[in-house]
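Basically our numbering = 1-based index in the sequence shown + 9.
Where is the CB? At the ideal position from N, CA and C, for every residue including glycine.
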Amino acid sequence: MQRDTVLRWIDTISALIARILRGDRTASIDLARHQLDEARRMLLGPVEALIPHLDPQRAADLLADPHRIYGYAQLLALESGLARIGDDGAWRAGAERAVALARLAAARLDPPAVDWLRWADAAEEDLKAEDPGSPPAPA
């Protein structure tokens with residue numbers, strides 16, 4: 010899988026989700042889910058059915074390529090965002106898995122991908138902000 014193709018998918022789906030959030034009537038959650046499903050099938054190929062059942066470390070080991078792992082993390086984050094729009098309580102698990110996979114992907118590069126780690130840090134901060142039991146972020 011070429012890295013540029015994965016990045017184009019992520020950009021396209023991100024733009025569609027942004028349109029949904031802005032209330033654009035030409036964009037729909039169903040269309041976004043369809044595009045996410047298609048991107049996931051193309052990215053994961055024959056291991057698509059297996060990957061969701063593995064812990065992040067084993068999933069990363071199976072995917073092997075850091076760019077493929079990070080692309081999958083990005084897709085999971087987008088899926089969790091859609092689940093959140095629909096008020097599906099499962100969004101948090103997907104977001105946490107995305108953060109874990111992004112960190113594993115970044116660590117597989119030498120030197121580690123700093124922008125990927127920043128993305129994971131920001132996503133983790135968002136998760137903490139949504140957790141009513143967590144202490145407030147320092148001012």
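Residue 65 is a Cβ neighbour of residue 106, given a cutoff of 8 Å. Counting of Cβ neighbours within 10 angstroms places residue 59 among the exposed residues, the total staying below 16. Here the stretch 43 to 58 makes contact with the stretch 79 to 94; the two share three or more CB pairs at distances below 8 Å. Assigned with DSSP and collapsed to three states, residue 96 falls in coil, not helix or strand. Contact between residue 25 and residue 44 holds: CB atoms are separated by about 6 Å, below the 8 Å threshold.
Under the DSSP assignment, residue 38 falls in the alpha helix (DSSP H) whose first and last residues are 38 to 53. Counting along the chain, residue 138 sits inside the alpha helix (DSSP H) bounded by residues 123 to 139.
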